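Protein chains: 2
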Amino acid sequence: MDAFWAKGYEATSMADLCACTGLHKGSLYQAFGDKHKLFMDALKHYADSEFHETTAVLRESNTPLENLRVVVNKICEDASGEKGCMMINSMVELAPHDPAVKAALQGFGQQRMHAVTEMIAMAQASGELSVKKEPQKLALQLMMTLAGGAAMVKGSVTSEDYAETMNDLLDSWV
Amino acid sequence: MDAFWAKGYEATSMADLCACTGLHKGSLYQAFGDKHKLFMDALKHYADSEFHETTAVLRESNTPLENLRVVVNKICEDASGEKGCMMINSMVELAPHDPAVKAALQGFGQQRMHAVTEMIAMAQASGELSVKKEPQKLALQLMMTLAGGAAMVKGSVTSEDYAETMNDLLDSWV
DNA sequence: CCTATTTATGACCGAACGGTCTTTTATTAG
DNA sequence: CTAATAAAAGACCGTTCGGTCATAAATAGG
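Here you go:
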């Protein structure tokens, strides 16, 4: 997963994966089928563990808005650094030409959109967010900005500016 | 340029480039040096022509905000479709491991940041934008959202939602 | 028209690619 | 301890990769 995350699908060779895992080609093929299947498993593992870790920071004692802030900052932290976000990386590199990857990413995206939409709706209901727009639209705005940061942090935006921009966006909704 | 734009650097072979240009390997190497140099030229051509076409839609008869809207919609249109934005694609695929690409993209990014910052400042000065935040921060917000849309439009966001989200962002600043 | 220089061509190169297969080594069950 | 099973290893396969080079076609100058 780390190899695919750091270098992408095409630029990662089976030799890289062998060096990274300490295993040898035959073993990997026996265990995973082929490179593409191995990548799909790695992508799913990334998405599942990232989602699990992100939702893990939620606390019942927090207000909806506090939870939203914590989640957004967690996502920022995960995507900061040179590797960025593996889902965004894969969407950019593979989604247009790889139906399996595209379908998987659409699933992960919907999962996250639903979660974020619900959090925004709760923060609106609690009165912490004064912005009136539909939660779905705000969630899309939030996801797109997060995604853009995850892309730009790889080349032309610092992780501090990334985090600050996300917090400013939430502030503008209060 | 179209081949690199559509498939990225690693996934585009010299054979693809031959088929795409109608030329043969030797001619390409003689004219451009190697694959990497050819890619750099294609990336620069993309950035320059995209910037030129985008600034071309500006009109002195428009108000600053109208011009900002036109520019944002033009960028949206250019990045919609399966190929997305070649600069975002390259930043995600190559920037962390390719200093030359990273430096070039930082240059293009600064150029765009300056232009957008100035447009926002003008729209604030004219009173069309009521939002008080520093133009630089708003520009970064705009660029990140545009970038995220350019990434997600390749997999899980429609071009209509992309354009609508960008217009909503500008509306929220009025 | 003939020569000189440029430009395009396709055969060719070593290396690395993804993937397979047989042999050897651990591991487990009886 | 032995036999059956699973897993790891590395040699090996055809293909494609980026890149080179000698040759052939085309262009330009005298």
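Protein chains in written order, with our numbering: chain A, 1 to 174; chain B, 1 to 174.
Each residue gets a CB set at the ideal place from its N, CA and C atoms; glycine is no exception.
Keep in mind it's a predicted model, so treat the numbers as computed, not measured.
Counting only Cβ pairs nearer than 9 Å, list the residues of chain B close to A/E134. To locate residue 134 of chain A, count along the first sequence from 1; it is residue 134. Here the premise fails: no neighbours, minimum Cβ distance about 10 Å.
A/D41 and A/F51: beta carbons closer than 8 Å? Walking along the first sequence from the start, residue 41 of chain A turns up at place 41. Walking along the first sequence from the start, residue 51 of chain A turns up at place 51. For A/D41 and A/F51, no; Cβs fall outside 8 Å.
Check whether A/T165 and A/A139 have beta carbons under 8 Å apart: Against the first sequence, residue 165 of chain A aligns to sequence position 165. Against the first sequence, residue 139 of chain A aligns to sequence position 139. No. Outside cutoff.
Step through the CB atoms of chain A and report whether any lies within less than 8 Å of the CB of B/K102. Position 102 of the second sequence holds residue 102 of chain B. At a cut-off of 8 Å, the C-beta of B/K102 has a neighbouring C-beta in chain A.
Note down, one range per segment and in chain order, each beta strand (DSSP E) of at least 3 residues found wholly within the segment 41 to 114 of chain A. Counting only runs of 3 or more, we get nothing.
Against chain A: residues of the segment 4 to 19 of chain B by CB proximity under 8 Å: Listed by position along the chain: A6, K7, G8, E10 and A11.
Reducing DSSP to helix, strand and coil, say where A/G148 ends up. Numbered from 1 along the first sequence, position 148 holds the residue referred to as residue 148 of chain A. In the structure shown, the three-state DSSP call for A/G148 is helix.
Can you pull the chain B neighbours of A/E82, defined as C-beta to C-beta under 7 Å? Taking the first sequence and counting its residues from 1, one reaches residue 82 of chain A at position 82. At a beta-carbon threshold of 7 Å, the residues of chain B lying near A/E82 are P96, ordered along the chain.
Report buried or exposed for B/A123, applying the criterion of at least 16 other Cβ atoms within 10 angstroms of its Cβ. Here the question's residue 123 of chain B lines up with position 123 in the second sequence. The residue in question, B/A123, is buried, as its Cβ has 16 or more Cβ neighbours within 10 Å.
Determine, using beta carbons only, whether B/E93 comes closer than 8 Å to chain A. Position 93 of the second sequence, counted from the first residue, corresponds to residue 93 of chain B. Closer than 8 Å: yes.
Does B/V131 come out as helix, strand or coil in the three-state DSSP assignment? Locating residue 131 of chain B in the second sequence gives position 131, counting from the first residue. In the three-state reduction of the DSSP assignment, B/V131 falls in the coil class, being assigned neither a helical nor a strand state.
Give the residues of chain A in contact with B/Q141, contact being defined as C-beta atoms less than 8 Å apart. If you number the second sequence from 1, residue 141 of chain B lands on position 141. The answer, in chain order, is T145, T165, D168 and L169.
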